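This report refers to the structure that appears directly beneath it.
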Amino acid sequence: MKLHIFGASGSGVTTLGYALSAETGLAYFDSDDYFWIKTKIPFTEKRNPDERNRLIMKDLEAAGKWILGGSTFTWGNNLFPDFDLVVFLYVPAEVRMERLKKREWERYGDIIFKDAERSRLHKEFITWAEGYDFKTELTNRTLKAHQAWLEQLKCPVLKIIGTQPVEEKVQLVLEKISEL
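What the sequence shown shows, in this note's numbering, is residues 1 to 180, in sequence order.
Rendered as structure tokens:
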């Protein structure tokens with residue numbers, strides 16, 4: 001099984017990925033672990049794309065069966081093997097933004113308001129995430145770009161729209177897998 005889960009930041013991709021991993025025993029890989037270099041201030045230094053792609057492919061090939069979470073459609077044509085199933089998560093913008101602001105606070109605390117550099121980074125991230133639903137670029141992480149990519153896929157796609165509990169989403173994915 002080669003399962004790919006993606007959606008906007010704050011849509012629950014990582015949460016669902018780990019829950020499915022626990023339920024199925026499949027390894028979960030998060031694209032952020034490959035896209036970003038681990039630095040003192042997280043999510044500030046992008047990994048070289050060739051290195052990123054080499055690292056993720058090495059891990060996916062070693063696992064054989066896996067769950068991949070995150071938006072990777074711009075990482076290169078034919079980088080990933082054919083997926084057995086792609087799961088697209090969509091959550092209304094106001095819910096996503098509330099989740100993201102809460103997550104930022106839980107991760108970093110008040111430094112995102114007290115430190116000038118961290119405050120700037122936080123505001124840039126929130127502004128970027130807010131643009132998901134209305135920006136029209138096809139080369140970035142936007143709803144329009146995700147919809148265009150979904151149209152190109154030749155594998156089964158499951159769209160989960162809404163704020164269902166993660167347990168319900170797990171069941172929806174497992175039901176879809178059982179149909180394959």
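Here a beta-carbon is modelled for each residue, glycine too, at the ideal position from N, C-alpha and C. Just so we're clear, the structure is a prediction, and the values are computed from it rather than from any experiment.
Just the Cα atoms here: how many angstroms apart are residue i and residue j?
{"i": "Asn140", "j": "Ile160", "result": "21 Å"}
{"i": "Val91", "j": "Lys58", "result": "32 Å"}
{"i": "Cys155", "j": "Ile41", "result": "37 Å"}
{"i": "Ile56", "j": "Thr74", "result": "14 Å"}
Could you name the residues that DSSP lists as bridge partners for residue i?
{"i": "Gly7", "result": "Leu89"}
{"i": "Ile67", "result": "Leu3 and Tyr28"}
Using a 10 Å radius around the Cβ and a threshold of 16 neighbouring Cβ atoms, would you call residue i buried or exposed?
{"i": "Ile67", "result": "buried"}
{"i": "Arg52", "result": "buried"}
{"i": "Arg107", "result": "exposed"}
{"i": "Lys169", "result": "buried"}
{"i": "Gly109", "result": "exposed"}
{"i": "Trp89", "result": "Looking at the sequence shown, residue 89 is not Trp but Leu. Buried, since its Cβ has 16 or more Cβ neighbours within 10 Å."}
{"i": "Phe29", "result": "buried"}
{"i": "Arg103", "result": "exposed"}
What residue range does the alpha helix (DSSP H) around residue i cover?
{"i": "Ile161", "result": "That residue, Ile161, is in no alpha helix (DSSP H); its beta strand (DSSP E) goes Val157 to Ile161."}
{"i": "Gly17", "result": "Val13 to Thr24"}
{"i": "Ile177", "result": "Val166 to Glu179"}
Taking the continuous beta strand (DSSP E) assigned at residue i, which residues delimit it?
{"i": "Phe29", "result": "Ala27 to Asp30"}
Would you identify the three-state DSSP class for residue i, choosing helix, strand or coil?
{"i": "Lys46", "result": "strand"}
{"i": "Trp36", "result": "strand"}
{"i": "Asn78", "result": "coil"}
{"i": "Phe73", "result": "coil"}
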